[in-house]
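In the numbering used here, the protein residues as written are 5 to 337. Note sheet for the following structure.
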Ligand code: PBG
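Listed below in C-alpha cells is the structure:
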C-alpha cells in the first residue's frame, strides 16, 4: 500500500530541485548499451540514399568495417541486417533468401572477420527477396503459412551456419519459432538466440523501411492477414505466450512508441527479455519535425527512447543509435 502523504510535509518538488537529486532518483536511464543499430545493405551499384529515412544509408559490404568500428566505439553491442536485394534477384518464391552469398551472407562474414564481438542479428522473413513484397509464399492469392515456415526454417538455419548470433523472425507466421528452434537444436546450433517479433502489428509506420529494402513499390495489398490488428492487446499476449513456449529467447514488440501499453503488458506478464523496435516511421516523423525546426530532434529522440525503456523494454532497435549515443554524452544523460 502507498503511504498517505500530505503537503507540506511532502513536497515532491524537493527531489526535482537540481540535477544531482534528479539523477539520483531517476528510475530509468538510457545508455548506448540499450540500443541495436539496424544496417541496410546494398549491392555496389545501388543507391546509398534512402529518401524517407534522412541520415540513414544503405551500406555496401566493403563499407561495413568502418561502420562496425563506429558501432564499437559508441559502445553499441549489436547490429541488425536488412538487405536491399537487387530487383533482378527477386522472385515469387524469394529463393535469394537461401543463397549463402546473398548480401546478408556476405555481410555476416565481413562483420565477423572484422570484429567478432559485435552481435549480428539477422532478419528471418522473405519480403526483401520476393517480387510481391510479402513475407511469405503466395498460393492462390494468399500468403500460405506452413509452406512459408519450411522456407523460413531453412533461412534461419543458413543464417546460423553463416555465423549470425541471433535470428529474428519478423514474418508473423504461426508456428515458426517452434520449427526454427527444433531445426537449430537438431543441427546443434544450441546457442543461436531467437529474437521473436512476437507482437508485430500491421502498421503504416513501416513505410520508410519498405522504401529502404525496395519492397514498398512491389507490395501487393497489405499484411493484415499475418501481422496483428493495432486494435488488439490481449491477442499480443497470446502471440508472446506461444512464442515463448516454442522456444524464443527474447520477445519483441513492434512498433514501439504507439504500442507502449503492449510493451508494458508483455514485460509484466512474462518477465522475459523484451525488446522494442522503434520503427522507420517513428524515426522519420521525428527527423521530419526536427528538420522543420518544429521539435528539438535530439531531445525528442532521447525522450522517446526513454519512454520505451520505461514501458519495459530491455533494448531498443533504433535507426539513430549512433547519433543517440553521441547525444547521450552531449546532453549529459
Ligand atoms: C519485414 C520487416 C519489416 C520491418 C522489419 N522487418 C516491414 C514489414 O513488416 O513490412 C519494419 C521495420 C521498420 O519499419 O523500421 N519482415
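By construction, the Cβ of each residue, glycine as well, lies at the ideal position given by its N, Cα and C atoms.
Item to complete: Under 8 Å by Cβ, that's how I've got residue 324 and residue 287 pegged, so tell me the actual separation to the nearest angstrom.
Response: 6 Å
Discussion item. For a test of the three-state rule: what should DSSP assign to residue 284, helix, strand or coil?
Written reply: helix
Worksheet item: So, residue 162 versus residue 173, is the Cβ gap smaller than 8 Å?
Response: no
Worksheet item: Where does residue 201 land, buried or exposed, given buried means 16+ other C-beta within 10 angstroms?
Response: buried
Worksheet entry | According to DSSP, residues forming a beta bridge with residue 199 | 254
Worksheet entry | Outcome for residue 69 when other beta-carbon atoms lying within 10 angstroms are tallied against a minimum of 16 | exposed
Item to complete: Using the Cα positions of residue 25 and residue 19, report the straight-line distance between them to the nearest angstrom.
Response: 5 Å
Practice prompt. Give the C-beta separation of residue 229 and residue 146 to the nearest angstrom, bearing in mind that I take them to be a contact with Cβ-Cβ under 8 Å.
Written response: 7 Å
Discussion item. Beta-carbon within less than 8 Å of residue 269's beta-carbon, same chain only, minus the 5 sequence neighbours each way: which residues are those?
Written reply: 237, 240 and 241
Item to complete: May I ask you to check if the CB of residue 129 is nearer than 7 Å to at least one heavy atom of the ligand PBG?
Response: yes
Discussion item. Is residue 213 close to the ligand PBG? I mean its beta-carbon at under 7 Å from any heavy atom of the ligand.
Written reply: yes
Discussion item. Under DSSP, the beta strand (DSSP E) around residue 170 begins and ends at which residues?
Written reply: 170-173
Worksheet entry | Neighbourhood of residue 332 by C-beta distance below 8 Å, restricted to the same chain and skipping five residues each side | 34, 35, 36 and 306
Worksheet item: When every heavy atom of the ligand PBG is checked, does at least one fall within less than 7 Å of the C-beta of residue 98?
Response: no
Worksheet item: Taking Cβ positions, are residue 294 and residue 301 nearer each other than 8 Å?
Response: yes
Discussion item. I want to know whether the stretch 77-85 touches the stretch 38-49 - three or more CB-CB distances under 8 Å.
Written reply: yes
Fill in: Reference residue 169; option with closest CA among 194, 203 and 336
194
Practice prompt. Below 8 Å on the Cβ atoms is my guess for residue 203 versus residue 266; work out the distance and round it to an integer in Å.
Written response: 6 Å
Worksheet item: Okay, do the stretch 210-224 and the stretch 246-254 touch, 3+ Cβ pairs below 8 Å being the bar?
Response: no
Worksheet item: How should residue 12 be labelled, buried or exposed, when 16 other C-beta atoms within 10 angstroms of its C-beta is the threshold for buried?
Response: exposed
Worksheet item: Using a Cβ-Cβ cut-off of 8 Å (strictly less than) and excluding sequence neighbours within five positions of residue 143, which residues of its own chain qualify?
Response: 151
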